[in-house]
Amino acid sequence: MVKVMPVSEGAGIEHVLQLISRDGGVTQEAVLQTGEFEIGRLGAGFSFPEDEGMAARAAHLNVMKGRVFVHDSNEGSGVWLRIQGNDGRLLKPQDQVWLGDQILIIRREKSGWEIRHHGPDGLFVRLHRIPSGGLFIGRGSDLVLDADDSRLSRRHAQLVLEADGLRLYDRGARNGTYLKLTEGEELAHCGEFRVSTNLFRYLERGRVQQEWRNTDSGISISPVLIDAESAARDSPAAVISEPTSPAKALLTKPKRSLGLGARLRRLGRSRGNEPDGVESKVLSGTLEESDGREHVERTRNSLPRDSNADDALPEDGSALEPGKCLLVLDFDGDSISLEVTEGQTILEAVQEAGLARGEPVDWECGDGGCGVCVMGVVRGANQLDPPEPETGEMRTIQITEQVVPDPMKYRLACLARVRGTVRLRKLT
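Per numbering that gives the first Met the number 0, the sequence shown starts with residue 0, numbered consecutively.
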């Protein structure tokens with residue numbers, strides 16, 4: 000998920016609306032002028048004459064004094080705004096939420112907040128009461144709406160009870176979380192919304208970005224001047240399926256391309272095709288050439304799992320290059336050894352190495368909210384930066400894992416930064 004950090008306004012900004020294709024590209028775009036821009040089957044702006052599920056005039060946008068607002072024309076299945084950012088969205092009774100192929104209707108009764116779950120066919124499935132501690136929603140969360148819905152992430156979204164009501168957060172779900180608009184909404188730069196099966200993105204072209212922060216990796220990218228191509232590449236891309244109902248469209252995040260620096264330092268089961276002339280740096284094990292491929296052979300004795308043999312780890316860093324640290328990850332009876340740059344988060348190191356989710360680190364949101372990436376600390380807790388109070392790292396661990404929030408025993412991979420030799424284990 001890409002978040003847009005605060006930016007400075009400048010002269011010459013164009014307000015641009017883009018139509019996102021099934022493969023994440025931009026198929027159409029329009030520069031919005033002062034006045035009204037219409038979307039619909041017979042829309043005067045973007046028209047979709049072959050989309051039988053779209054109303055003749057489904058939505059319209061207004062540009063007023065440099066601000067852009069989107070409105071539901073109340074003729075079709077609605078306008079659905081993507082929940083983005085760390086603040087989430089405060090819900091009110093009768094709000095409708097779209098995630099995966101499921102629709103939730105928010106209710107408030109004397110007994111508290113409830114959600115009515117409707118499936119892809121629109122039929123009522125079940126009523127769920129929201130506990131005082133809130134809940135996570137997904138395929139592997141507190142509330143499992145549909146374990147077979149592949150468009151749902153494991154921890155897709157979160158509902159939190161607050162003093163002023165019920166707040167909804169998207170937790171980095173690949174396919175997004177959407178709220179049906181009941182009134183006009185001002186669009187933020189890179190804001191996304193959906194009408195029928197179509198995804199739209201609003202951009203302020205010419206706006207100078209101070210920083211894009213990819214919360215899946217924590218990587219900050221240098222300031223750039225936004226244009227259609229860079230925005231389509233860096234913001235959440237979309238792939239839209241063949242929907243049969245308003246709950247059938249989906250978004251998927253493209254795979255990150257790994258540079259040559261993303262070398263896998265693994266003692267285990269990895270095979271890979273390396274470019275000619277590129278040295279695959281392995282901390283232990285051997286390299287063999289076979290059919291033009293480099294194979295990292297596992298050596299059982301290279302990384303002792305016996306705690307009494309931990310002195311085999313280069314605690315003083317003498318065996319590593321300056322500015323490098325050793326990160327050892329235990330999971331499922333196996334171990335992975337990574338040489339990481341000092342100051343990287345555990346998740347950054349895992350993603351840079353190209354490791355798949357769950358082997359050994361799982362994640363959803365990447366910014367400390369979902370708790371999916373919690374790891375147990377085997378040793379080297381003092382070689383991790385202490386938790387920052389404002390991130391609520393320990394509270395997230397306590398809520399999601401129901402364990403004592405001890406930074407010497409548990410950390411979130413997306414927030415904990417490595418400063419020396421550290422060994423962690425995947426929780427079961």
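From the three backbone atoms N, C-alpha and C, an ideal C-beta is built for every residue, glycine too.
Would you say the segment 58-67 touches the segment 29-43, given that touching needs at least three Cβ pairs under 8 angstroms? yes
Residues near F47 by beta carbon distance below 6 angstroms, same chain, minus five either side: R40, M53
Under a three-way DSSP split, which group does V421 fall into? strand
Among the residues of its own chain, which have a CB less than 8 angstroms from the CB of R153, if the five just before and after it don't count? G137, R138, G139, S140, D361, E363, V371
Indicate the three-state DSSP secondary structure (helix, strand or coil) for A58 in the structure shown. Correct three-state label for A58: strand.
Would you tell me roughly how many angstroms separate the C-alpha atoms of C369 and I129, rounded to the nearest one? 17 angstroms
Span of the alpha helix (DSSP H) holding I396? 392-400
G34 versus Q95 - alpha carbon distance: 29 angstroms
T395 classed as buried or exposed, judged by whether at least 16 other C-beta atoms fall within 10 angstroms: buried
Buried versus exposed call for A146 [16 or more other C-beta atoms within 10 Å across all chains shown]: exposed
Should M407 be labelled buried (16 or more other beta-carbon atoms within 10 Å of its own) or exposed? exposed
Buried or exposed (CB count within 10 angstroms, at least 16 for buried), D100: buried
Mapping the DSSP letters down to three states, classify I12 as helix, strand or coil. Here I12 sits in coil by DSSP.
D169 burial status per 10 Å Cβ neighbour count (16 or more: buried): buried
For I105 versus L151, is the C-beta distance shorter than 8 angstroms? No, the pair does not count as a contact, with Cβ atoms beyond the cut-off.
Pull up the distance between the alpha-carbon of L469 and that of E347, whole angstroms please. Because residue 469 is not part of the residues shown, which for the chain are 0 to 427, the question remains open.
In angstroms, rounded to a whole number, what distance separates the CA positions of L337 and R410? The straight-line gap from Cα to Cα measures roughly 18 angstroms.
Would you identify the three-state DSSP class for D360, choosing helix, strand or coil? First, the residue type needs correcting, since residue 360 is Val and not Asp in the sequence shown. In this structure, V360 counts as coil in the three-state DSSP scheme.
Per the DSSP calculation, H117 is bridged to which residue(s)? According to DSSP, which records beta bridges pairwise, H117 is partnered with I102, F123.
Determine the contact status of V67 and H14, defining contact as a CB-CB distance below 8 angstroms. yes
N174 versus E108: straight-line alpha-carbon distance, rounded: 30 angstroms
Among P359, L423, Y177, the one whose alpha carbon lies nearest that of V78: Y177
Do you know how far the Cα of E185 is from the Cα of Q93? 21 angstroms
For V342, which of P385, R125, L90, F199 has the nearest alpha-carbon? Checking the displayed sequence, the identity of residue 342 turns out to be Gly instead of Val. For the residues P385, R125, L90, F199, the minimum Cα distance to G342 belongs to P385.
Contact check, L326 vs V339, beta carbons under 8 angstroms: yes
Let's test the definition: count the other Cβ atoms within 10 Å of the Cβ of F192 and tell me whether it reaches 16, buried, or not, exposed. Note on F192: 16 or more other CB atoms within 10 angstroms of its CB, so buried under the neighbour-count rule.
Just grab the DSSP bridge partners of G164 for me. E161
Taking buried to mean at least 16 other C-beta atoms within 10 Å of its own C-beta, is R422 buried or exposed? buried
Report the rounded CA-to-CA distance for L263 versus G183, giving the unit in angstroms. Residue placement at L263 cannot be trusted, given a pLDDT of 25 that sits under 50; what the coordinates show is reported in the next sentence. Rounded to the nearest angstrom, the two C-alpha atoms are 49 angstroms apart.
My assumption, with CB atoms under 8 angstroms, is that I12 sits in contact with F199. Please give the rounded CB distance. Contact doesn't hold; Cβ gap of about 18 angstroms is too wide.
For G132, tell me which candidate among P119, D120, W112, H116 has the shortest Cα-Cα distance. For G132, the nearest C-alpha among the options comes from W112.
Tell me S334's beta-bridge partners as DSSP assigns them. Beta-bridge pairing links S334 to D329.
Would you mind sorting K179 into buried or exposed? The rule is 16 or more other CB atoms within 10 Å of its CB. buried
Could you pull out every residue in the same chain whose Cβ sits closer than 6 angstroms to the Cβ of D86, ignoring the five residues on either side in sequence? none
Straight-line CA distance for T420 to C324? 6 angstroms
Using the three-state DSSP reduction, which class does V371 fall into: helix, strand or coil? coil
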